[in-house]
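Novice: Questions regarding the structure given below will be posed in turn.
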Ligand code: GRG
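Residue numbers (the numbering used here): 48 to 342.
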């Protein structure tokens, strides 16, 4: 199957899974469903679930059985975006081309919508794990995902961003921040795909290596888009990194070097997949496609 067709099919599976796993209830708390669905179905690229499915497919063909885990990853990602936009954090009014959650609803509802999505992610994974044939693997995947979104992963990175911006002096410091804040759940998406497929430790390590590099390259593209992206396509204003004195690959290295670094990281990421041969071609194509993403 051609890559584009493969990608559209995977996105469709994720969209269906999200709709099935996050159904609105018409009860007294229905507003929380509205707030969660508002952000969950706002046109996200579904990158993390697709990475999980592509990683799984290196080893096995029946990726339908891991859709709940892929959907959970998107719920965790969406919760982080809702909370990141809050006035207490980045204070962004727009996300994915529409009002951010707290602007559409209110701050308290946005906090609860983020919390609800995080809870739902684990509920969905635990429910799937009850009937997953290899429970040990399901537990290991959930542990990896939980770890990557917590204090040693995404939340840790967010804290470093909030408290240590002035201490970021070198590219290694910046890498540490981004590897946690953006990279951790991209890595766990790839690793969980491998784990659920029963990959060996060495194979999971190769997926981790791939996704670590990809996560950094992805973040650099984010930094580049904040300088030369199209606001209408991005769905949010550009120039916020400079306005907020944020350390980024672009502010620290300059635009041209940042672009070269991004290409090098993508090339290295793809190289980490060589051990899988053609079975990793969709993951390789995904990494290359992300190099020139415009949103
Ligand atoms: C609030 C716990 C907490 C964490 C916030 C992930 C994060 C940490 C903040 C989001 C802002 C950020 C780091 C942006 C840089 C890269 C990134 C994660 C972009 C958004 O991801 P995409 O492009 O978004 O996959 P879509 O909308 O396509 O899902």
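Each residue gets a CB set at the ideal place from its N, CA and C atoms; glycine is no exception. As the structure is a prediction and not an experimental result, all values here were calculated from the model.
(1) Among 304, 269, 301, 280, which has the Cα closest to the Cα of residue 287?
(2) Residue 305 and residue 264 look like a contact to me (Cβ under 8 Å); what is the Cβ gap, rounded to whole Å?
(3) The ligand GRG and residue 190: does the residue's C-beta get closer than 7 Å to at least one heavy atom of that ligand?
(4) Measuring CB atoms only, is the region 164-184 touching the region 117-136, in the sense that at least three cross pairs come out at less than 8 Å?
(5) Can you tell which of 146, 101, 229 has the C-alpha that lies nearest to the C-alpha of residue 54?
(6) Less than 8 Å between the beta carbons of residue 148 and residue 160, yes or no?
(7) Here's the rule I'm using: 16 or more other beta-carbon atoms within 10 Å means buried, otherwise exposed. How should residue 240 be labelled?
(8) Using 8 Å as the cut-off, can you tell me whether the region 93-111 makes contact with the region 75-84, which would need three or more C-beta pairs spanning the two stretches below that distance?
(9) Using a Cβ-Cβ cutoff of less than 7 Å, which residues in the same chain neighbour residue 50 once the five nearest sequence positions on both sides are dropped?
(10) So the candidates are 285, 327, 338; which of them puts its Cα closest to the Cα of residue 140?
(11) Find the nearest neighbour of residue 334 within the set 166, 290, 233, 300, judged by alpha-carbon distance.
(12) Counting pairs of beta carbons, one from the region 193-209 and one from the region 221-229, are three or more of them closer than 8 Å?
(13) Might you give, ordered along the chain, the residues of its own chain that have their beta carbon closer than 6 Å to the beta carbon of residue 326, omitting 5 neighbours on each side?
(14) Which full runs of the alpha helix (DSSP H) of 4+ residues lie inside the region 291-334, going along the chain?
(15) Rounded C-beta distance between residue 114 and residue 165? I'm assuming under 8 Å.
(16) What is the rounded straight-line gap between the Cα of residue 258 and the Cα of residue 324?
(17) When the Cα of residue 302 is compared with those of 312, 282, 272, 88, which residue comes out closest?
(18) Would you kindly report the start and end of the unbroken alpha helix (DSSP H) that includes residue 56?
Specialist: In terms of the structure at hand:
(1) 269
(2) Between residue 264 and residue 305 the Cβ distance is about 10 Å, and since that is not below 8 Å, they are no contact.
(3) no
(4) yes
(5) 101
(6) yes
(7) buried
(8) no
(9) 329, 332
(10) 285
(11) 233
(12) yes
(13) 105
(14) 296-300, 302-318
(15) Rounded, the Cβ-Cβ distance is 19 Å, inconsistent with contact.
(16) 17 Å
(17) 272
(18) 50-68
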